[in-house]
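*Asks:* The structure follows.
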Amino acid sequence: MQESFTIPSDFIDTELFEIPKGLQEDEFSKRVIQFFRDQFRQMGAKAQVAYDPQDRGFVVDWNRPEDLMGIIIKAGDLCNDGKPRKGACRLWTLLLVPDMTEDESVHAAFVLGGALNMLRYFGGAITILERVIHKKPDHHEAMVALGSAELMRGNRQIGEAWLRKALSLSPDHSQAIRNLGVCLMTQNRHAEAIVEFKRCIQLTPNDAALYVTLGQCYEVLGQEPEQAVAMFQKALDLGGPESLMDTARKYQYKYADLEVPSDEDFRDDIYEAYLDAFVRMRTMPQEQLGKVINEIYGLLKANERPNDPLATYFRLDSIQETISHMHMMCLMKVLVLEVAPQTDMGTEFSREYHAAKEHR
35 MQESFTIPSD FIDTELFEIP KGLQEDEFSK RVIQFFRDQF RQMGAKAQVA YDPQDRGFVV
95 DWNRPEDLMG IIIKAGDLCN DGKPRKGACR LWTLLLVPDM TEDESVHAAF VLGGALNMLR
155 YFGGAITILE RVIHKKPDHH EAMVALGSAE LMRGNRQIGE AWLRKALSLS PDHSQAIRNL
215 GVCLMTQNRH AEAIVEFKRC IQLTPNDAAL YVTLGQCYEV LGQEPEQAVA MFQKALDLGG
275 PESLMDTARK YQYKYADLEV PSDEDFRDDI YEAYLDAFVR MRTMPQEQLG KVINEIYGLL
335 KANERPNDPL ATYFRLDSIQ ETISHMHMMC LMKVLVLEVA PQTDMGTEFS REYHAAKEHR
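Heads up: the sequence shown at position 251 corresponds to 285 in the working numbering, and the numbers run straight through without jumps.
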């Protein structure tokens, strides 16, 4: 059946849709029209889209597909297949469609919240997931995702509260337990974090990252070095990403009182950049961490490989400073690992990072 509805211009997320800001109205409307045409076509729906300059909205005439839930599930599959932006755009478009059933709109919003987390759009994820929980107060999966988003944004106590609420509804939710452990670690509550990581290991005993994180907690407390050594060795026995194994090996060297193997390619300039990043982090309010991470992520995405990272500078509005591309990359790694220590940031310049961390 043919249906018509209007999408106000204010509802267009230019960042998510990758539409440049500051376009003239004609060019902006052309890009948005093409975007929506592509989205509806990929849903398998016949649709016509036109711009109404008087009402500043996009008028859609379409034939609603019968299986909207199937489209939502396929969008979630895109996210799980490493295409979160593609999935998020599909879901955002669907949520603009009127008269969806409550089950359809809630599930679409939940999956969209997860996709925005993957894209590190934590503010948007929080807004969407709060709406899900408002409609479905017992949606524990949304609470886990919301707790993770709040944690990554630097709101650790809020994140902890949502994760604990999720666990009150689903006590054996391994992701919620893991994230709660990380949340407690970032608040320097390592003894409490150990309890959670031990619970999680009972549910997922072959997860090497859990053993590394648990070993780090023992290491910080300094009370049971043999326990820390055992955890790092267990992680090495299980294997995993090289960056994770590198972390486990460095701790093993430390406890064995061995010198970490030297690296002729050790970069003093990057080491200094990491030292600078640790200094910046120490003077940064907790609520500012997420804002800085999001801004750097956007700048790095748009400027991945400049010719000279040390001579290419960017303005960071979130800290009101201008810093080099290299310093920005180092600051990003330091902040992300401060907020979420289990994040895989790769192995490049990991030796310089760990050296700076030891001497900060």
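Every residue, glycine too, gets a C-beta built ideally from N, C-alpha and C.
Per DSSP, which residues does T11 bridge with? Please list them.
*Replies:* A query on residue 11 cannot be resolved here, the shown segment of the chain reaching from 35 to 394 and no further.
*Asks:* Taking the C-alpha atoms as reference points, what is the distance between K391 and M362?
*Replies:* Their Cα atoms are separated by approximately 16 Å.
*Asks:* How big is the Cα-Cα spacing for T220 and V313?
*Replies:* Those two C-alpha atoms are separated by around 17 Å.
*Asks:* Helix, strand or coil: how does DSSP classify S358 here?
*Replies:* Strand, per DSSP.
*Asks:* Please say whether Y289 and P259 have beta carbons closer to each other than 8 Å?
*Replies:* Cβ distance < 8 Å, so P259 and Y289 count as in contact.
*Asks:* Comparing C-alpha positions only, which one of G158, I162, L214 and P87 sits nearest to G181?
*Replies:* Taking only the C-alpha atoms, the option nearest G181 is L214.
*Asks:* For F348, report the span of its beta strand (DSSP E) as first-last.
*Replies:* Note, F348: beta strand (DSSP E), Y347 to L350.
*Asks:* Leaving aside the five residues before and after I228 along the sequence, list all residues of the same chain whose C-beta is less than 6 Å from its C-beta, in chain order.
*Replies:* So the qualifying residues of the chain are C251.
*Asks:* Report the rounded CA-to-CA distance for Q88 versus A142, giving the unit in angstroms.
*Replies:* Their backbone Cα atoms lie some 31 Å apart in a straight line.
*Asks:* Excluding five sequence neighbours on each side, which residues of the same chain lie with their C-beta closer than 7 Å to the C-beta of A307?
*Replies:* Same-chain partners within the cutoff: M360, H361 and C364.
*Asks:* Looking at the strands, I want to know which residues DSSP matches up with Y155.
*Replies:* The partner list for Y155 (beta bridge, DSSP) is empty, contrary to what the question assumes.
*Asks:* Could you tell me if D303 is buried or exposed, where buried requires 16 or more neighbouring beta carbons within 10 angstroms of its beta carbon?
*Replies:* Burial call: exposed.
*Asks:* Below 8 Å on the Cβ atoms is my contact criterion, and I expect A79 with P99 to pass it. Report the Cβ-Cβ distance as a whole number of Å.
*Replies:* 5 Å between Cβ atoms; contact.
*Asks:* Under a Cβ-count criterion, where at least 16 other Cβ atoms within 10 Å of its own Cβ denotes burial, should A389 be classed as buried or exposed?
*Replies:* Buried.
*Asks:* How would you call I211, buried or exposed, if buried means at least 16 neighbouring beta carbons within 10 angstroms?
*Replies:* Its Cβ being crowded by 16 or more others within 10 Å, I211 is buried.
*Asks:* Using three-state DSSP, classify Q221 as helix, strand or coil.
*Replies:* Coil, per DSSP.
*Asks:* So what's V131 in DSSP terms, helix, strand or just coil?
*Replies:* Three-state DSSP puts V131 in coil, outside helix and strand.
*Asks:* Let me know the secondary structure DSSP gives D310 once reduced to three states.
*Replies:* Correct three-state label for D310: helix.
*Asks:* Are L146 and L129 touching if we call contact CB-CB under 8 Å?
*Replies:* Yes; because the gap between Cβ atoms is below 8 Å, this pair is in contact.
*Asks:* Please report how far the alpha carbon of C217 lies from the alpha carbon of V93, in whole angstroms.
*Replies:* Going from the Cα of C217 to the Cα of V93 covers about 45 Å.
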